[in-house]
Amino acid sequence: AQKITQTQPGMFVQEKEAVTLDCTYDTSDPSYGLFWYKQPSSGEMIFLIYQGSYDQQNATEGRYSLNFQKARKSANLVISASQLGDSAMYFCAMSTKGGKLIFGQGTELSVKP
Amino acid sequence: EAGVAQSPRYKIIEKRQSVAFWCNPISGHATLYWYQQILGQGPKLLIQFQNNGVVDDSQLPKDRFSAERLKGVDSTLKIQPAKLEDSAVYLCASSLVPGQGYEQYFGPGTRLTVT
Chain A
2 AQKITQTQPG MFVQEKEAVT LDCTYDTSDP SYGLFWYKQP SSGEMIFLIY QGSYDQQNAT
62 EGRYSLNFQK ARKSANLVIS ASQLGDSAMY FCAMSTKGGK LIFGQGTELS VKP
Chain B
60 EAGVAQSPRY KIIEKRQSVA FWCNPISGHA TLYWYQQILG QGPKLLIQFQ NNGVVDDSQL
120 PKDRFSAERL KGVDSTLKIQ PAKLEDSAVY LCASSLVPGQ GYEQYFGPGT RLTVT
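Chains A and B are the protein sequences, given in the same order.
Under our numbering, think of the first position of the first sequence as 2, with each following residue one higher.
Under our numbering, think of the first position of the second sequence as 60, with each following residue one higher.
Pasting the structure below:
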C-alpha cells in the first residue's frame, strides 16, 4: 500500500536559520511524484516543490529544496533562511498514477524571532 | 488567473441534516478532486473527476456522500444525512490533467461543523 510518513508533529526554528522537515514514503510503483505543500492557519494548501521519481537532481524552488534519497525512500524538505511567514503546517504528499495525492500527517513549523 | 473557488467557507449543521458544497475549478482544468481534511490529519481523497466522469471514488462513503460535475466544470459535494464524524474541512482541487507530475491547485476549503 502507498503511504507517506511524517514523524515530526512539530518543529521549532530560529529566524534566518535552515530547517529540515522529514518525509518517508512507501510504494511499489517505479514511477511516482513527491510534493510538499504549505498550509497556513487560513487553510489554503500552497504548492512548494515537486520531485519526480526519475529526476536525477534534487528539486529546488527559491528557499525550498527537496533532499531526495530514493534508496532510503525519503524526500525531506529543506527551508533555508527561515522567515516568520514560514510558520505553518507542512504536508508531504505522493502522487499516484491516476493523479490523486496521498498525504502525510503534517509537521507544524514555528519560526521564532 | 482566478484560483479554485469554493463556497460556503463555513457551515454549521446538526447531525442528520443535509449540506452541499460548491467548487469552481481553474478554467481549463479537466481534473477535479474533493478531499476531506479532519482536524490534525492530512487531506484524504474522496472523489476524483476527469471532465464529468468519475475516475476514483473508492473512499467516498456512498451511503451518505454524493458528488457530481455537470458539464465538466463546476462540482457539488453533498452529505445526507450528516454525522458528527463528518466535521472536517472539505478541499476542492483542480489540475490541468491527471498524472504524477501535475500540480494540484487547492481552493480555500469549506469548514463543516456537525453538532
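By construction, the Cβ of each residue, glycine as well, lies at the ideal position given by its N, Cα and C atoms.
In this text, all values refer to a predicted model and were calculated from it rather than measured experimentally.
Strand pairing of A/Ala-94, partner residues [DSSP]: A/Phe-36, A/Phe-104
Closer than 7 Å at the beta carbon, the chain B residues around A/Met-12: Under the 7 Å cutoff, chain B gives no residues; its nearest Cβ is about 16 Å from A/Met-12.
Compare the Cα-Cα distances from A/Tyr-55 to each of A/Cys-24, A/Pro-114, A/Gln-106, A/Pro-31 and report the closest residue. A/Pro-31
Suppose the cutoff is 6 Å on Cβ atoms and the five residues either side in sequence are ignored; what does the same chain contact list for A/Pro-90 look like? The sequence given here places Met at residue 90 of chain A; Pro does not occur at that position. Gln-40, Gly-107, Glu-109, listed in sequence order.
Using a Cβ cut-off of 8 Å (strictly closer), state whether A/Leu-22 contacts chain B. no
The stretch 74-93 of chain A in contact with the stretch 125-136 of chain B per 3-pair CB rule at 8 Å: no
Close Cβ partners of A/Ile-80 (< 7 Å) along its chain, the five nearest in sequence each way excluded: Ala-19, Val-20, Arg-64, Tyr-65, Asp-87
Compute the distance between the beta-carbons of B/Tyr-149 and B/Trp-93, then report whether it is under 8 Å. yes
Taking C-beta pairs closer than 7 Å, name the residues in chain B that A/Phe-92 reaches, listed in chain order. Gly-101
Examine the ligand SAH and report whether any of its heavy atoms sits within less than 7 Å of the Cβ of A/Ile-5. In terms of ligand content, the structure shown is empty, and the ligand SAH therefore cannot be addressed.
Among the candidates B/Ala-89, B/Ser-154, B/Gln-139, whose CA atom is the shortest distance from the CA of B/Leu-129? B/Ala-89
Leaving out the 5 sequence neighbours to the left and right, which residues in its chain are closer than 8 Å to A/Lys-71 when beta-carbon positions are compared? Ser-54
Give the DSSP-derived three-state secondary structure of A/Lys-113 in the structure shown. strand
Is the shortest distance between the beta-carbon of B/Tyr-132 and the beta-carbons of chain A less than 8 Å? Before going on, a small fix: residue 132 of chain B reads as Val here, not Tyr. No, no contact with chain A.
Identity of the residues DSSP links to B/Ser-134 by a beta bridge: B/Cys-82
In chain B, which residues lie with their C-beta within 7 Å of the C-beta of A/Lys-101? Tyr-92, Leu-104, Gln-107, Asp-115
For B/Ile-71, count neighbouring Cβ atoms within 10 angstroms of its own Cβ and tell me buried if that reaches 16, exposed if not. exposed
In the structure shown, what three-state DSSP assignment does A/Leu-49 receive? strand
Inter-residue CB distance, A/Asn-77 and A/Asp-23 (contact presumed, cutoff 8 Å): 5 Å
Work out the CA separation of A/Ser-111 and A/Gln-15 for me, nearest whole Å. 9 Å
With H, G and I counted as helix, E and B as strand and the rest as coil, what does DSSP make of B/Leu-155? coil
Compute the distance between the beta-carbons of B/Gln-118 and B/Leu-105, then report whether it is under 8 Å. yes
So B/Pro-84 and B/Ser-153 are in contact, right, with Cβ under 8 Å, and what is the actual spacing, rounded? 3 Å
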